[in-house]
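Reviewing the structure listed below.
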Amino acid sequence: MSPEHWTRPSRSEDRGHADETAPAATSAAPTREQVIAGLRATSEGGADLVQLLTPEGQRVSHPDFDIDISEQQLREMYRDMVLIRRADREGNSLQRQGQLGIWVPLLGQEAAQIGAGRALRPQDMAFPSYREHGVAWCRGIDPTELLGIFRGTDHGSWDPNRTGMGLYTIVIGNQCVNATGYAMGQKFEGMVGNSDRDPNANEATMTFFGDGATSQGDVHEGMVWASVYDAPVVFFCQNNQWAISEPTERQSRVPLYERARGYGFPGIRVDGNDVLASLAVSKWALDEARSGNGPVLIEAFTYRMDAHTTSDDATRYRMDDELQAWKLKDPIERLRVYLLREQIVDQGFIDEVQNEAEELATRFREFCLNMSEPPPERMFSAVYADESPVVAAQRDEYLDYLSGFADAGHDTEGSVR
Amino acid sequence: MAAPTVETTGSGTTQPQTITMAKGLNMAMRATMERDPKVLVMGEDVGKLGGVFRVTDGLQKDFGEHRVLDTPLSESGIIGAAIGLAMRGFRPVCEIQFDGFIFPGFDQIVSQLSKMHFRSQGKVKAPVVIRVPFGGGIGAVEHHSESPESLFAHIAGLKVMSCSNPVDAYWMLQQAIDSDDPVLFFEPKRRYWEKAELDPTAEHLSMGSSALLRRGSSATLATYGPMVKTCLDAANAATEDGNELEVVDLRSLSPLDLGPVAESVRRTGRLIVVSESPPESSVTSEVAARIQQECFYSLEAPVMRVNGFDTPYPPSKLEEGYLPDLDRVLDAVDRSLAY
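One line per chain: the protein sequences are G and S, in this order.
With this note's numbering, you'll find the first sequence wraps up at 797, consecutive numbering, no jumps.
With this note's numbering, you'll find the second sequence wraps up at 423, consecutive numbering, no jumps.
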């Protein structure tokens, strides 16, 4: 076989955007050319991008993923996005004011998350990473329930069984395998491929992760397992272009959605700033899973408009032009323009939603400021389902130690023996 | 028909029978699978092959491919998927083929499995059992003879067990599968084929308890897993020198049930802790530290330890020297008695 058979396709063919003169990505820091190439990648979704609402707020059709959506649903999704963005901004402020240890901003990813979240049915299961405030919103988790993680009072206060949403997962990619296992369980229990007449007869699982996570082994293993067991799981990758300071270029030399082919299931790139397209593609993918056809990978092509977390300084690694370009694709603005132009809503509705958002922000803030600190025995509670004698002894000794202080500085009633 | 007063073993008998440890483990899985349809067995080659040690032999034939899963070659997948299945209400029993292969799954064990219950304050349970054939003495290649149990005993939220004989294997594994907590279950692979009589109607200890196996007055040996037999052999040999050794099988490495060890040390005044693992920051360190704290005034000598070495596991032609044997145990006893 001649060496030509082993020639890899050029990088520009791979990505459809890279500058062919750009040097190979071997140096520690991205070169200016790579940054520019990355900028092109982040501003163009490519020909395969599924879009139903342009950045200018024009409704467009798509041969495979069009969607019939009521005006009421459109208004609700607008409200969803405005409210969760407002809570997110309040989270950022609370961290800046020292009320939260850290906040993980959602800004810019509202459409991806609300579109996917609203495609889920109550009986479905969601396995999030840690930025999924919009998905949590759709699962009926009040934004105040997210605060404990970031204020340091708990590791997640909602009940995964009741809400159909797992707790936030901080180690990158772990949840992709857990989600696949859960979906295997749904399948083993016969909850896929049943008659469509009963909407409760079928279930699916959706797992959320970022572009950086696709470099982790667990995402690969999750996809291998999902594929070989035809597990009803939808992998929802929010490609927000940056894994802290590392561009998508540092994670993959092919568009992420194309990797699905290697696992043997469909991969689709959707405009993650288009809530209609995110909803349409997610609904289709979840139906595929529920029907027993197996997994789907969705790459929601979006952008993190804020820093990775409040501890991050995004100005160190990305160009302001990039941010400005993405601001023109704002997911909320494009829907607002569409709704107003089509007279689906009037300015009164927009103002009403904004007022509701302000009320939510106030409630969110007040809740945060009034959160009580966990009592010291919380440290020892529920480490095991069956109490460990070792942990119990350590708890008793520590509480005894604390009780030796005359002024313990906290409400000891009912907490410290 | 009257309800039986004793649970059947799943092999259709309550009669005493001679079994190997491998058979005891197999019977334990069979018994739990029969009484609870949510119990799954999963791992590489556990189905048609019956596992590389044949411990799961025949289970897939009898329970089907949806109860006994031949999985992709993927340890993080095995454990990560087991967590998801457990969240769905299943009780997965995972087999890791060899001790040295658990590390690709270490992240899922430490980051997710051990913390699910605490993180959710009991709303999410993770009743996953991970079976790990461990330890040396079988002349294997690298990564097939390690003793990583101390790493897991260090992780809060995990229970860590090690059986040492066929009867314990039978009972402890059933208890581990029934437990709502995640359990790392270490099986001494070089003892898989040793035999004992199992009376399924006899009383049995809880998996969290250590067991005094032999009484004596000269010194106490505390050990677990593959070293239990070595220590019992050493105790027998010690009688030739006029020394009577107590032997305690720890059984549960986390939580440690140190009560029987402390009681024994109060009788003998001397403790030697034995395991195959490297000594630094190990289960033997923990036993030594806590016994010195709890039994300081009863001790006639410092607590001695007999372990492998703080080296990677050696090529198998050297493992005879690496693994504690009867002579190294008796040498430590002599050094303790010399105080």
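Positions of the beta carbon are idealized from the N, C-alpha and C atoms, including for glycine.
- When only Cα atoms are considered, residue 609 (chain G) and residue 212 (chain S) end up about 20 Å apart.
- Taking the C-beta atoms as reference points, residue 378 (chain S) is found no nearer than 8 Å to residue 423 (chain S).
- Looking at the DSSP output, residue 177 (chain S) sits in a beta bridge with S:125 and S:213.
- If you look at residue 104 (chain S), you'll find it in the beta strand (DSSP E) that goes 101 to 104.
- For residue 344 (chain S), the enclosing alpha helix (DSSP H) begins and ends at 343 to 352.
- Put simply, the CB of residue 547 (chain G) is near chain S, with a gap under 8 Å to one of its CB atoms.
- Residue pairing by DSSP places residue 618 (chain G) opposite G:590 and G:680 in a beta bridge.
- For the 8 Å CB-CB criterion, residue 559 (chain G) and residue 670 (chain G) do not form a contact.
- With a cutoff of 8 Å on beta-carbon distance, residue 498 (chain G) and residue 518 (chain G) are scored as near each other.
- Counting every other CB atom within 10 Å of its CB across the protein chains shown gives residue 723 (chain G) a total below 16, marking it as exposed.
- Exclusion of the five residues before and after residue 274 (chain S) leaves 219, 220, 221, 222 and 310 as the residues of its chain whose Cβ lies within less than 8 Å of its Cβ.
- Any Cβ of chain G closer than 8 Å to the Cβ of residue 166 (chain S) would place that residue at the interface, and such an atom is present.
- For the 8 Å CB-CB criterion, residue 253 (chain S) and residue 247 (chain S) form a contact.
- With three or more CB-CB distances shorter than 8 Å, the region 551 to 565 of chain G counts as touching the region 160 to 170 of chain S.
- Nearest neighbour of residue 715 (chain G) by Cα position, chosen from G:601, G:483 and G:432, turns out to be G:432.
- Secondary structure note for residue 528 (chain G): its alpha helix (DSSP H) is the uninterrupted segment 527 to 531.
- Around the beta carbon of residue 681 (chain G), 16 or more other beta carbons lie within 10 angstroms, which makes this residue buried.
- With respect to the 8 Å criterion, residue 334 (chain S) and residue 316 (chain S) are not classified as neighbours on the basis of their beta carbons.
- Rounded to whole angstroms, the separation of the alpha carbons of residue 356 (chain S) and residue 288 (chain S) is 26 Å.
- DSSP places residue 501 (chain G) in no alpha helix (DSSP H); its state is neither H nor E.
- Shown here, residue 246 (chain S) sits in a strand according to DSSP, grouped into three states.
- For residue 607 (chain G), the enclosing alpha helix (DSSP H) has its first and last residue at 597 to 608.
- Here the region 646 to 665 of chain G makes contact with the region 444 to 455 of chain G; the two share three or more CB pairs at distances below 8 Å.
- No Cβ of chain S is located within less than 8 Å of the beta carbon of residue 610 (chain G).
- In this chain, the alpha helix (DSSP H) harbouring residue 314 (chain S) covers 311 to 322.
- Residues of the region 241 to 271 of chain S with a C-beta atom less than 8 Å from some C-beta of chain G are 241, 243, 263, 264 and 265, listed in chain order.
- Between the region 137 to 153 of chain S and the region 540 to 547 of chain G, the count of Cβ pairs shorter than 8 Å is below three; the stretches do not touch.
- Inclusion of residue 304 (chain S) and residue 352 (chain S) in the CB contact set at 8 Å is warranted, their separation being smaller than that value.
- Using a CB distance below 8 Å, the part of the region 753 to 784 of chain G facing chain S consists of 761, 762, 763, 764, 765, 766, 768, 769, 770 and 771, ordered along the chain.
- Using a 10 angstroms sphere on the CB of residue 750 (chain G), the tally of other CB atoms stays under 16, which defines it as exposed.
- When DSSP reads this structure, residue 505 (chain G) sits in a beta bridge with G:585.
- For the 8 Å CB-CB criterion, residue 485 (chain G) and residue 709 (chain G) do not form a contact.
- Residue environment for residue 707 (chain G): exposed (fewer than 16 other C-beta atoms within 10 angstroms of its C-beta).
- Any Cβ of chain S closer than 8 Å to the Cβ of residue 502 (chain G) would place that residue at the interface, and such an atom is absent.
- Under DSSP, residue 279 (chain S) forms a beta bridge with S:104.
- Look at residue 768 (chain G) here: in three-state DSSP terms it is coil, with no helix or strand label.
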